[in-house]
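Worksheet: the structure to be examined is printed underneath.
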Amino acid sequence: MKNTTQVLVIDDEAHNRQALSMLLKHSGYQVQSAVSGEDALEIMQETPFEIIITDLFLPGVSGIDILKRVKEDSPYTSVILITGNASAETAVEAMKEGAFDYITKPFNFEKLKVIVAKAVEKSRLVAENLYLRQQLRGKYKFDNIIGNSLAMNQVFSRMERIVNTDSTILILGESGTGKELVAKAIHYNSPRKDHPFIAINCGAIPAELLESELFGHVRGSFTGAVGDKAGRFEAANGGTIFLDEIGTMPMHLQMKLLRVLQEQEVERVGSTRKTKLNVRVVSATNANLEDEVKRGHFREDLYYRLNVIPIILPPLRERREDIALLARSFLQKFCREMDRPLMSISPAAMAAIEAYAWPGNVRELENLIERTVALTDGEVIEPDDLPASIAGANPPSPYATPEAPRVTPTGVDMVRVISDIERAMICESLELTKGVKARAAALLGINRTTLVEKIKRLGLEER
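Its first residue numbered 492, the sequence shown is counted upward by one per residue in this note's numbering.
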């Protein structure tokens with residue numbers, strides 16, 4: 492296969508430029524050359540290069556100027572500097588500015604080929620990482636979190652307001668509501684998006700190993716510690732760490748986590764050396780941490796440190812208007828992944844799906860659609876294609892009363908609470924009067940016109 496790696500050689504000395512170009516061409520690279528920095532900048536506007544080999548000292552636009560331009564415009568391009576022995580120290584300083592390596596005159600061509608090969612590998616890894624980051628940003632755009640309900644619109648609004656802050660976040664919600672998805676969306680839409688997102692499930696790791704996983708350890712600090720190891724906090728430096736199921740963390744580790752949050756530094760197990768951190772902490776739990784504090788199972792000071800900005804994810808049963816949107820989105824996803832023609836869901840099957848209580852929330856719905864796409868022969872999903880527990884679910888009454896709003900430990904959204912109470916009272920009055928609006932209005936002590944306006948505002952006209 493032809494080597495498509497583009498290399499630019501920049502040197503004002505003709506014999507050096509020609510010798511390097513010939514060597515690289517014989518090694519299979521696609522090579523262009525420039526006699527000056529100004530000439531190189533013009534060529535770079537027309538052709539993207541993976542490797543640039545430039546003399547450090549050029550008249551006018553120097554090798555350092557080229558390096559700085561490349562770092563700004565093309566982060567996946569590796570720059571190799573050419574220098575004389577006397578200026579090697581300057582080249583080393585340039586490497587601190589982002590150069591990949593340097594070669595000295597006279598050239599050792601075998602060494603040069605090794606350096607270029609390594610630079611090509613590094614450039615392709617960087618380009619691949621940039622591509623993957625772009626894919627992640629696309630995957631975790633706010634628009635890709637499905638939901639049009641009032642509850643989810645409030646979640647989106649809060650996410651947009653906090654995405655550019657560094658405040659700690661506590662995501663509350665039942666299992667399967669999408670807590671990690673929200674955490675990733677916040678990270679990949681924040682200024683930290685080019686740095687790591689590191690997730691750890693505190694409840695899935697044995698207590699005796701969790702400390703090492705979080706904070707790292709040094710060799711010999713405990714049986715089996717055969718070498719130094721960085722913890723998840725160090726791995727997340729510059730980015731975001733997501734502490735899932737934070738409520739399961741043992742009390743002795745809660746104290747150490749509190750110190751990390753307060754001091755913004757971490758100390759590995761068995762070491763006294765401290766490493767400074769720049770990490771945003773996002774935690775999540777399906778437990779009531781305020782109750783855990785009262786029982787003495789969770790530190791109150793840590794709770795308040797984590798709960799600077801709470802995000803409450805509603806269970807799927809409290810956002811039924813989103814069920815059809817989610818089901819169709821998952822249907823498209825799995826039809827595409829399984830290379831099947833786009834399927835549809837019959838009205839009867841959709842009614843059963845919407846009527847089901849979804850104790851496993853969005854994750855359970857996603858698993859159902861994946862299984863159904865895999866096992867259904869036709870192009871339309873019918874009730875018979877669904878599990879009996881879902882196909883036999885009783886559809887809600889046209890005016891079923893939604894669950895009463897609850898005051899949560901992290902506070903309450905009064906606008907939503909008042910709206911939910913109003914909705915519940917209207918639904919109940921319509922249920923009692925079998926949908927006769929004039930009689931329902933009389934029960935509520937308002938006129939029919941006011942009731943009709945409220946029904947439209949609350950989105951109840953089609954219920």
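Note that beta-carbon positions come from the ideal geometry of N, C-alpha and C, so glycine has one too.
Predicted model only: the values in this text are computed from it and were never measured.
CB of V522 within 9 Å of CB of V498, strictly: yes
I917 versus A931: straight-line alpha-carbon distance, rounded: 8 Å
Segment contact flag, the region 670–680 with the region 715–725, C-beta cutoff 8 Å, min 3 pairs: no
Identity of the residues DSSP links to V772 by a beta bridge: I732
Which residues DSSP lists as bridging H708, in chain order: K720, V760
Alpha-carbon to alpha-carbon, V500 and I544: 5 Å
C-alpha gap between K928 and R810, whole angstroms: 25 Å
Spatial distance of I802 from N635 (CA atoms): 18 Å
Of the listed residues I689, V760, P805, nearest to S712 (C-alpha basis): V760
Reference L949; option with closest CA among L672, A915, H708, P874: A915
First through last residue of the alpha helix (DSSP H) which encompasses F647: 641–653
Proximity winner among V871, I814, N680, L661, relative to N777 (alpha-carbon distances): L661
Where L807 sits in the DSSP three-state scheme: helix
Three-state secondary structure (DSSP) of L663: strand
Any 3 or more C-beta pairs closer than 8 Å across the region 651–671 and the region 850–857: yes
Per-residue DSSP class, three states only, for Y567: coil
Assigned secondary structure, I836 (DSSP; H/G/I helix, E/B strand, else coil): strand
Among W849, F789, A815, nearest to P977 - alpha-carbon criterion: Nothing about residue 977 can be read from this structure; the chain reaches only from 492 to 954.
Whether K528 touches L549 by CB criterion (9 Å): Looking at the sequence shown, residue 528 is not Lys but Gly. Cβ distance < 9 Å, so G528 and L549 count as in contact.
For A839, the nearest candidate out of P832, A815, E857, K824 (CA to CA): A815
Minimum C-alpha distance to R652 - residue among R786, S681, D868, I844: S681
Segments assigned beta strand (DSSP E), at least 3 residues, entirely inside the region 518–556: 521–525, 542–546
Reduced DSSP category for Q497 - H, G, I as helix; E, B as strand; rest coil: strand
K596 (DSSP reduced to helix, strand or coil): strand
For D868 and A775, the rounded distance between their alpha carbons: 39 Å
Contacts around V607, its chain only, beta-carbon distance under 8 Å, and the 5 residues preceding and following it disregarded: V498, L515, S518, Y520, I542, I544, I571
DSSP bridge partner residues for P801 (one or two, in chain order): L661
Inter-residue CB distance, F733 and V773 (contact presumed, cutoff 8 Å): 5 Å
CA nearest to the CA of T656, picked from F591, L833, G730, P597: G730
DSSP-derived helix/strand/coil call for L822: helix
Inter-stretch contact (C-beta, 8 Å, three-pair minimum) for the region 688–708 and the region 739–758: yes
Pair within 9 Å by beta-carbon distance, G589 and K562: yes
Beta carbon of Y847 nearer than 9 Å to that of S880: yes
Coarse secondary structure for Y890, derived from DSSP in three states: Here the model assigns Y890 a pLDDT of 48, short of 50, so the residue's position is not dependable, and the following value carries that caveat. Looking at Y890 - three-state DSSP - the assignment turns out to be coil, as it is neither helix nor strand.
V871, DSSP secondary structure in three states: strand
Supposed contact pair P687 and A726 - C-beta distance, whole angstroms, cut 8 Å: 6 Å
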